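J.: Got a structure for you, written out below as structure tokens; questions coming shortly.
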Amino acid sequence: MAGKARKKPQQQPLEFRSQALAEALGKQDMAAVALALRHGNTVVPLIKPGPRDNPLDGGEVWTYRDQNTGEVALLLFSDAANKPANLPPAVGLQSPAWLRTFLKRYESTITTVFLDIAGPHPMQASPSELLRALEA
Numbered sequence: 038m039a040g041k042a043r044k045k046p047q048q049q050p051l052e053f054r055s056q057a058l059a060e061a062l063g064k065q066d067m068a069a070v071a072l073a074l075r076h077g078n079t080v081v082p083l084i085k086p087g088p089r090d091n092p093l094d095g096g097e098v099w100t101y102r103d104q105n106t107g108e109v110a111l112l113l114f115s116d117a118a119n120k121p122a123n124l125p126p127a128v129g130l131q132s133p134a135w136l137r138t139f140l141k142r143y144e145s146t147i148t149t150v151f152l153d154i155a156g157p158h159p160m161q162a163s164p165s166e167l168l169r170a171l172e173a
């Protein structure tokens with residue numbers, strides 16, 4: 038009897054998550070979120086992933102621009118599994134140094150940063166708040 042092979046859902050590697058950030062968001066504790074961001078990696082959606090043979094190229098980060106106001110939001114995730122399906126499918130795992138540099142570079146463009154926007158425990162902060170937290 039020939040059966041159709043079931044396709045397993047594609048899962049992200051365990052490395053595409055930050056347990057410390059997930060726990061901090063679960064507590065809605067900004068100090069714990071800051072600590073997790075300072076000492077751990079963060080998942081970001083990518084428009085275009087970097088080439089596999091160049092680990093220094095992390096790809097192009099996707100940001101959300103509100104069509105009505107023009108405001109730009111950066112979305113960060115504690116786990117790739119928390120990224121909504123309607124966002125670009127690629128994700129990157131970025132370091133605290135990368136996040137600090139990215140926020141400094143685009144602080145005047147990005148109006149807000151959403152963490153786990155679709156849950157399970159969403160939070161938001163301004164880029165300047167997160168920069169202060171990362172530099173503390």
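Under the numbering used here, read the sequence shown as residues 38 to 173, first letter to last.
From the three backbone atoms N, C-alpha and C, an ideal C-beta is built for every residue, glycine too.
What you are looking at is a predicted structure, and each value in this text was computed from that prediction instead of being measured.
#1: Hey, L83 and M160 are a contact pair by Cβ (cut 8 angstroms); roughly how many whole angstroms apart?
#2: Around the C-beta of P157, are 16 or more other C-beta atoms found within 10 angstroms, so that it is buried, or is it exposed?
#3: Please return the same chain residues whose Cβ sits closer than 8 angstroms to the Cβ of E24, not counting the five positions on each side in sequence.
#4: May I have the straight-line CA-CA distance separating A127 from Y101, to the nearest angstrom?
#5: With DSSP run on the structure shown, which of helix, strand or coil describes Q104?
#6: With DSSP as the reference, label T146 as helix, strand or coil.
#7: Where does the unbroken beta strand (DSSP E) through A173 begin, and where does it stop?
#8: Skipping 5 residues on each side, what residues in its chain have a beta carbon closer than 7 angstroms to that of L130?
#9: Measure from the alpha carbon of S132 to the alpha carbon of each residue in L58, Q65 and L74, then state which is nearest.
T.: From the atom records:
#1: With a Cβ gap of about 22 angstroms, L83 and M160 do not count as contacting.
#2: Burial call: exposed.
#3: Here the chain comprises residues numbered 38 to 173, so residue 24 is not present and cannot be evaluated.
#4: Our two residues, A127 and Y101, have alpha carbons roughly 15 angstroms apart in a direct line.
#5: Under the three-state reduction of DSSP output, Q104 falls in the coil class, being neither helix nor strand.
#6: T146 falls in the coil class under three-state DSSP.
#7: Counting along the chain, no beta strand (DSSP E) covers A173, and no H or E run does either.
#8: So the list reads E52, F53, N78 and V80, once near-sequence residues are dropped.
#9: Considering only L58, Q65 and L74, the residue with the shortest C-alpha distance to S132 is L74.
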